[in-house]
Amino acid sequence: MRDGALTQLISMPEIADLVQVRRPVVTTWRRRHPGFPTPVENDRGRPLFDAGEVLDWLVETGRANRAEVEPDLRLHLLACLTGPAISTPRVGGRRAPLPAREMFAAVTALICLRHLDDEPLCPEGQPERHIVPALRERAAEVDWDDRLLRAEVDGLSAYPSWLAGVVDELIEAAWDCPRAYERVLAARQRFDVPELYADATVPPLGRLIAGLSGAREHADRYGTVRVTDQVAGVGDLLMAVRSELSEDTSMLVRAAEADPFLARIARRRLVVHELPDAEWSTDDAPDMAPDHSDIRILRLPYEPSEQRVRIDIDPLAAVADAAGTLGPEQTMVVWGPADLLVDGLAPYRSSARTRNKLLAANVVEAVIKLPGGLLPFRPGHQTALWVLRAEKSPESQGRVLLADVSDQPLTDQVVETLVWDIVTWRRDGYRPRDHLRAYASQVAIEDLLVVPRLPLTVNRPVGIRAKLQGRQLMVAQVTELEVALNQLTQPREPFHSGLAAQEEDRRTPTKPIGALIGEGQLLLRSGARIAAGDIRAEGQHPVLGPPELTGGSRIGSRRIDWQVLAERYPHVRLTDPDDIVVTLAPRLGVHRDESGFSVVEFPTRVLRVPKTERDRFTPRVLTALLNALNGARPAGAVRGPARLVDLQLPVLSPAEVARLDGLLASADERRALARRELELLDELCQLAVSGVTEGKLTVTVSHPTDGPSRTNPKH
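In this text, residue positions in the sequence shown follow our numbering: the first is 37, and each later residue adds one.
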């Protein structure tokens with residue numbers, strides 16, 4: 037590595053901090069184990085070790101996992117650059133520190149730059165003096181209007197080649213740019229930048245907010261979801277919502293952040309996580325006009341205790357303004373101080389009047405009091421959540437759900453149970469007897485408005501989740517399946533293909549795939565030879581080969597682990613979304629990889645339609661044209677072409693391609709709905725048979741579903 041990046045020096049206290057042990061433990065390792073690395077330098081009597089040698093020793097002795105510790109080592113070295121002194125591999129001694137704020141901005145900007153142009157920050161063989169000018173040119177090319185990273189890259193000053201080299205190593209150790217970016221943000225507390233970690237939340241809170249928002253259900257129903265975060269910070273809650281969605285779901289983001297430093301970090305984070313620039317925008321001011329987002333997230337700021345008691349300040353006014361613009365199927369989640377959202381308020385305070393108005397308006401769906409410690413920088417700060425919706429079912433009109441989990445840690449199980457309690461309450465077909473709640477209790481709103489200073493809490497329901505076991509749980513599952521099936525069977529618009537007869541027969545011209553590749557209209561890439569022992573039923577990347585394309589195996593049933601892929605097949609390139617995977621052995625098979633990130637197995641190959649050439653072919657049209665060739669052969673030929681490049685493809689006009697693509701997209705949508713209905717029916721039938729045979733369910737005489745006559749024929 038350039039500039040000896042792997043030979044950074046590390047002290048014994050820094051080793052202890054890296055592997056999360058106490059300082060005497062490292063001293064014991066050094067004394068009892070002869071293989072422990074020897075110091076390579078001394079700094080005023082303090083031994084300094086080669087960080088790479090220490091990492092190798094920790095991994096070899098089983099005291100650390102390389103995949104986990106190596107990225108942490110890079111982050112540790114980056115954080116040390118902002119400390120009082122920094123080891124330098126070139127001349128020994130210690131380097132002058134870099135400003136922590138500048139360092140963090142530069143690291144995230146470099147990760148984003150590498151993600152955008154997919155090139156190493158320090159290419160092999162590039163002279164050191166050319167690194168910074170090359171980085172600046174690349175930044176100007178990908179971010180000419182300086183909305184993401186250009187200013188940070190232009191501002192690189194002290195030891196830029198060393199910094200770029202460490203960021204390259206961090207990306208390689210973390211496997212890719214998104215994981216590297218998240219690693220940096222997860223270690224934000226190591227950098228002395230208070231605005232980065234002062235308002236940082238714990239991950240379970242993000243999952244709870246994302247689950248209560250109903251983003252996943254909305255996305256599953258409509259294929260896309262629009263999310264607004266009015267105090268986004270570095271985008272923690274936005275990424276929590278994104279993690280709830282499937283990879284093929286489109287998420288449109290609108291965020292606001294008053295601090296330009298945090299806003300640029302959030303922009304870079306969204307870009308690194310493959311949210312296209314046309315689908316997001318980030319404002320630098322927290323005051324945002326009402327929009328048509330499906331999900332809104334509002335965070336009320338932390339206030340010192342002396343400001344919370346002021347009667348002339350009303351933080352809930354912002355909540356009231358936003359709630360007044362909520363429309364059908366829109367949800368808003370508000371997170372803020374518990375003494376404002378839950379605890380009793382003096383009636384003379386403006387916040388008390390605003391809270392009562394919001395409750396009386398019947399827009400508050402749920403109020404949850406949370407445990408302390410969700411804001412690590414302020415562990416004693418108690419917080420709460422509100423869930424607001426403009427529409428409620430007739431059964432929930434005039435009522436609100438109250439929950440108090442402040443007496444227990446916010447574990448994944450608690451998060452899942454809270455989401456179950458509240459999201460189930462809003463679904464179509466809700467039946468109170470079939471959905472007994474574990475934490476939330478249904479309370480009449482008028483009872484909360486009668487008594488002044490009344491806190492929005494209530495005793496927890498008796499029996500909690502145990503009541504949902506057995507029969508009640510099965511009935512609840514049946515209801516969920518019935519609701520999903522009924523949503524799929526709602527009236528749809530008639531399907532119109534738009535197909536009509538041509539006035540006269542016109543033969544469409546054809547071209548071999550080889551000629552189309554030569555003209556740049558298609559790109560061809562070969563598959564990789566993967567050992568059979570490396571393909572398993574579990575793994576991060578699907579393997580696509582002849583078995584998947586010819587019906588021998590279900591797509592996704594054969595997979596490969598990302599660590600095996602990195603160690604044994606470092607040159608394998610994953611598919612991009614909408615790549616066409618083709619094989620001719622044992623017969624023609626075609627598959628459009630909508631999600632991407634798959635491994636293509638030899639002899640299967642990849643056809644890709646460049647974005648600049650999609651007026652002649654779209655991925656969907658190309659797949660259909662290739663499938664239409666199955667079994668086709670030239671006139672007079674005994675068998676079809678033996679090579680992929682010899683296959684003849686029709687060359688359609690751009691207008692015809694666009695219309696055909698629209699027809700195929702509509703057909704794919706109907707096909708997906710049909711598959712989903714079949715899956716739900718299979719699950720319902722399996723549950724019915726299991727419940728009846730176990731004696732937990734019965735089929736009523738007056739069956740609600742009309743069907744064919746069940747009378748037995750006479751023999």
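C-beta: ideal position from N, C-alpha, C; glycine also.
Q) A420 by DSSP, collapsed to three states: which one? A) On the sequence shown, residue 420 is found 384 positions in, with the first residue counted as 1. Three-state result, A420: strand.
Q: For the beta strand (DSSP E) containing I331, list its first residue and its last residue.
A: Translated into the one-based positions of the sequence shown, residue 331 becomes position 295. Note, I331: beta strand (DSSP E), I331 to R335.
Q: Taking 8 Å as the threshold, find out whether the region 576 to 596 comes into contact with the region 648 to 660 through three or more Cβ pairs.
A: no
Q. Do you know how far the Cα of A251 is from the Cα of V27?
A. Outside the displayed range of the chain (37 to 751) lies residue 27, so it cannot be described from this structure.
(Q) Less than 7 Å between C-beta atoms, sequence neighbours within five positions excluded: which residues of the same chain meet that for V178? (A) Start at 1 with the first residue of the sequence shown, and residue 178 comes out as number 142. Contacts found: L149, L152 and D153.
Q: Out of I596, D629, P163 and I51, point me to the one whose CA is closest to T611's CA.
A: The residue you call residue 611 lines up with position 575 of the sequence shown. The option with the nearest alpha carbon to T611 is D629.
**Q.** 6 Å Cβ shell around G575 - same chain, five flanking residues per side excluded
**A.** Against the sequence shown, residue 575 aligns to sequence position 539. Correct list, in chain order: R595, I596 and D597.
Q.
Just verifying my parser: in three-state terms, what is the DSSP assignment at D682?
A. By one-based count along the sequence shown, residue 682 stands at place 646. Helix, per DSSP.
Q) Excluding five sequence neighbours on each side, which residues of the same chain lie with their C-beta closer than 8 Å to the C-beta of S47? A) Along the sequence shown, one-based indexing puts residue 47 at 11. Closer than 8 Å at the Cβ level, and outside the excluded window around S47, lie D79, R82, P83, L84 and F85.
Q) What are the complete beta strand (DSSP E) segments, minimum 3 residues, inside the region 275 to 301? A) 286 to 292
Q) What does W371 pair with, by DSSP beta-bridge criteria? A) Working through the sequence shown from its first residue, we reach residue 371 at position 335. Bridge partners of W371: R335 and L421.
Q: Since I believe A420 is in contact with P403 (beta carbons under 8 Å), could you give me their beta-carbon distance rounded to a whole number of angstroms?
A: For this step, residue 403 is matched to residue 367 along the sequence shown. For this step, residue 420 is matched to residue 384 along the sequence shown. Before going further, note that residue 403 is Val rather than Pro in the sequence given. Confirmed, about 7 Å.
(Q) Among the candidates V645, A551, Q513 and L714, whose CA atom is the shortest distance from the CA of G727? (A) Stepping through the sequence shown from its first residue, residue 727 is reached at position 691. Per the Cα distances, Q513.
Q.
If you measure between the beta carbons of E310 and A302, is that distance less than 8 Å?
A. Locating residue 310 in the sequence shown gives position 274, where the first residue counts as 1. Locating residue 302 in the sequence shown gives position 266, where the first residue counts as 1. No. Outside cutoff.
(Q) My assumption, with CB atoms under 8 Å, is that R712 sits in contact with L524. Please give the rounded CB distance. (A) The residue labelled residue 712 in the question sits at position 676 within the sequence shown. The residue labelled residue 524 in the question sits at position 488 within the sequence shown. Yes, R712 and L524 are in contact; Cβ-Cβ is about 6 Å, under 8 Å.
Q: Indicate whether A87 and Q44 have their beta-carbon atoms separated by less than 8 Å.
A: Looking up residue 87 in the sequence shown gives position 51. Looking up residue 44 in the sequence shown gives position 8. For A87 and Q44, yes; Cβs fall inside 8 Å.
Q.
If you reduce the DSSP assignment to three classes, tell me which class D79 lands in.
A. Working through the sequence shown from its first residue, we reach residue 79 at position 43. Here D79 sits in strand by DSSP.
Q. What residue does the beta strand (DSSP E) around Q478 start on, and which one ends it?
A. Your numbering for residue 478 matches position 442 in the sequence shown. Where Q478 is concerned, the enclosing beta strand (DSSP E) stretches over S477 to A480.
Q) If T376 sits next to P351, beta carbons under 8 Å apart, how far is it from one beta carbon to the other, in whole angstroms? A) Here residue 376 refers to the residue found at position 340 of the sequence shown. Here residue 351 refers to the residue found at position 315 of the sequence shown. One detail in the question is off: residue 376 reads as Leu in this sequence, not Thr. Confirmed, Cβ separation roughly 6 Å.
Q) A660: which of V618, I51, A691 and T648 sits nearest, CA to CA? A) Taking the first residue of the sequence shown as position 1, residue 660 is located at position 624. The candidate whose alpha carbon is nearest that of A660 is V618.
(Q) Checking the sheet assignment: what are the DSSP bridge partners for R257? (A) On the sequence shown, position 221 is the one that residue 257 refers to. Paired residues: none, contrary to the question.
**Q.** C-beta atoms of I147 and V76 nearer than 8 Å
**A.** Looking up residue 147 in the sequence shown gives position 111. Looking up residue 76 in the sequence shown gives position 40. Taking 8 Å as the Cβ cut-off, I147 and V76 do not qualify as a contacting pair.
Q.
One question on the structure: do G550 and T586 come within less than 8 Å of each other, judged by their Cβ atoms?
A. Walking along the sequence shown from the start, residue 550 turns up at place 514. Walking along the sequence shown from the start, residue 586 turns up at place 550. Not closer than 8 Å, so no.
Q. In angstroms, rounded to a whole number, what distance separates the CA positions of L394 and V95?
A. Looking up residue 394 in the sequence shown gives position 358. Looking up residue 95 in the sequence shown gives position 59. Approximately 57 Å between the Cα atoms of the pair.
Q: Leaving aside the five residues before and after V3 along the sequence, list all residues of the same chain whose C-beta is less than 7 Å from its C-beta, in chain order.
A: Lying before the first or after the last residue shown, residue 3 is absent from the chain, which here runs from 37 to 751.
Q.
Going by DSSP, what residue range makes up the beta strand (DSSP E) through I46?
A. Taking the first residue of the sequence shown as position 1, residue 46 is located at position 10. Counting along the chain, the beta strand (DSSP E) containing I46 begins and ends at L45 to S47.
Q) What did DSSP end up calling S593 once you bin it into helix, strand or coil? A) As a first step, residue 593 must be located in the sequence shown, where it is residue number 557. It is coil, neither helix nor strand.
Q. Quick one: what's got a C-beta closer than 6 Å to V369's C-beta in the same chain, skipping five residues either side?
A. Position 333 of the sequence shown, counted from the first residue, corresponds to residue 369. Contacts found: I245, L248, S249, I333 and V423.
Q | Close-in-space but distant-in-sequence residues of the same chain around L298 (CB under 7 Å, 5 per side omitted) | A | One-based indexing of the sequence shown puts residue 298 at position 262. Answer for L298: E231, G269 and V270, listed in chain order.
(Q) Please determine whether the Cβ atom of L521 lies at a distance below 7 Å from any heavy atom of the ligand ATP. (A) Summarising the ligand content, the structure contains no ligands, and the ligand ATP is consequently not present.
Q. Taking the alpha-carbon positions, what's the V4 to Y338 distance?
A. Shown here, the chain extends from 37 to 751; a query on residue 4 therefore has no answer.
(Q) Measuring straight from C-alpha to C-alpha, what distance separates F633 and M287? (A) For the purposes of this step, residue 633 is taken as residue 597 along the sequence shown, with counting starting at 1. For the purposes of this step, residue 287 is taken as residue 251 along the sequence shown, with counting starting at 1. The straight-line gap from Cα to Cα measures roughly 19 Å.
**Q.** Straight-line Cα distance separating L54 from L113
**A.** Here residue 113 is taken as the residue at index 77 of the sequence shown, counted from 1. Here residue 54 is taken as the residue at index 18 of the sequence shown, counted from 1. Approximately 10 Å, taken between the alpha carbons.
Q.
Looking only at its chain, what residues have a beta carbon closer than 7 Å to the beta carbon of A621, apart from the 5 residues adjacent to it on each side?
A. Counting from one through the sequence shown, the residue named residue 621 turns up at place 585. Counting only Cβ-Cβ distances below 7 Å, and skipping sequence neighbours, we find P582 and P639.
Q: Could you tell me which residues DSSP puts in a beta bridge with A621?
A: For this step, residue 621 is matched to residue 585 along the sequence shown. Answer is none; A621 lacks a bridge partner.
(Q) Going by the DSSP bridge assignment, what does E637 pair with across the sheet? (A) Counted from its first residue, the sequence shown places residue 637 at position 601. Answer is A564.
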